[in-house]
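Student: Residue 215 is where the sequence shown starts when you use my numbering, and the numbers rise one by one after that.
Glycine residues also receive a C-beta, built at the ideal position from the N, C-alpha and C atoms.
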Amino acid sequence: MTLPNEQENTMTDEKHENGPETNENPSEAPEPTEASEEPGDGSESTESDTPAVAKLRREAAGHRAKLREAEAERDAVVVQRDALAAAVLGDALRGTGVNAELFATAGRSIEEFVVDGVLDRAAITSAGREVAKKYGVASPAVSRRTGTGAERPPKEAKTWADALGKR
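1) Given a threshold of 16 other Cβ atoms within 10 Å of its Cβ, counted over all protein chains shown, does methionine 225 qualify as buried or as exposed?
2) Suppose you measure from the CA of leucine 298 to the CA of alanine 284; what does that come to, to the nearest Å?
3) Any idea if arginine 322 is buried or exposed, counting beta-carbon neighbours within 10 angstroms, 16 or more meaning buried?
4) One question on the structure: do glycine 304 and alanine 346 come within less than 8 Å of each other, judged by their Cβ atoms?
5) Going by C-alpha to C-alpha distance, which of Val332, Lys348 and Leu333 sits closest to threonine 319?
6) In this structure, what does DSSP give as the bridge partners for valine 291?
7) Nearest to arginine 308 by CA position, among Arg343, Asp296 and Ala266, is which residue?
8) What is the DSSP secondary structure of leucine 333, reduced to helix, strand or coil?
9) Do you know how far the Cα of glutamate 315 is from the Cα of alanine 341?
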């Protein structure tokens, strides 16, 4: 059976009671600063190491600069690629009545149609038609007058005299 006073002891009470014991023996506590000052870790430098370290630092700075340039070029190429892909997507969807926003809303993306690094325009067009059918987009209206010649001016009657001309 436990007494009520023993149950009331908390972690802070135990810490307080044990506190002076750990402070009396500071030599037993680990000192992390000694581990970082060991020879061979690079914190101590001699005269012979300084030119070599400086050379390595210059080389590393050069590599970092090249890396930044390469990353900037990569980012520019990614932006250009995305713009070209959007243009190809818009062109492939032109006859379907679906725009790129509706295509994306339907959960389709251009990455689905890249096969061996090449865009499959026929697959994009057929997917655009499927999206149009799913969302009830009417196909673009076709002019009934196209190909009938109704836009041409009426022909004038020609005679042999017109063909031979006046001399």
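Tutor: Walking through what the data contain:
1) Your numbering for residue 225 matches position 11 in the sequence shown. In this prediction, methionine 225 has a pLDDT of 48, which is less than 50 and means its spatial position is unreliable; what the coordinates show is noted afterwards. The residue is exposed, with fewer than 16 neighbouring Cβ atoms inside 10 Å.
2) As a first step, residue 298 is located in the sequence shown; it is residue number 84 there, counting from the start. As a first step, residue 284 is located in the sequence shown; it is residue number 70 there, counting from the start. In a straight line, the C-alpha of leucine 298 is about 21 Å away from that of alanine 284.
3) Along the sequence shown, one-based indexing puts residue 322 at 108. The residue is buried, with at least 16 neighbouring Cβ atoms inside 10 Å.
4) By 1-based counting over the sequence shown, the position of residue 304 is 90. By 1-based counting over the sequence shown, the position of residue 346 is 132. Not closer than 8 Å, so no.
5) The residue labelled residue 319 in the question sits at position 105 within the sequence shown. Here the closest residue by C-alpha is Lys348.
6) The residue given as residue 291 occupies position 77 in the sequence shown. Answer is none; valine 291 lacks a bridge partner.
7) Position 94 of the sequence shown, counting from 1, holds the residue named residue 308. Nearest option by C-alpha distance: Arg343.
8) Looking up residue 333 in the sequence shown gives position 119. DSSP places leucine 333 in strand when its eight states are reduced to three.
9) On the sequence shown, residue 341 is found 127 positions in, with the first residue counted as 1. On the sequence shown, residue 315 is found 101 positions in, with the first residue counted as 1. The alpha-carbon atoms of alanine 341 and glutamate 315 are separated by roughly 14 Å.
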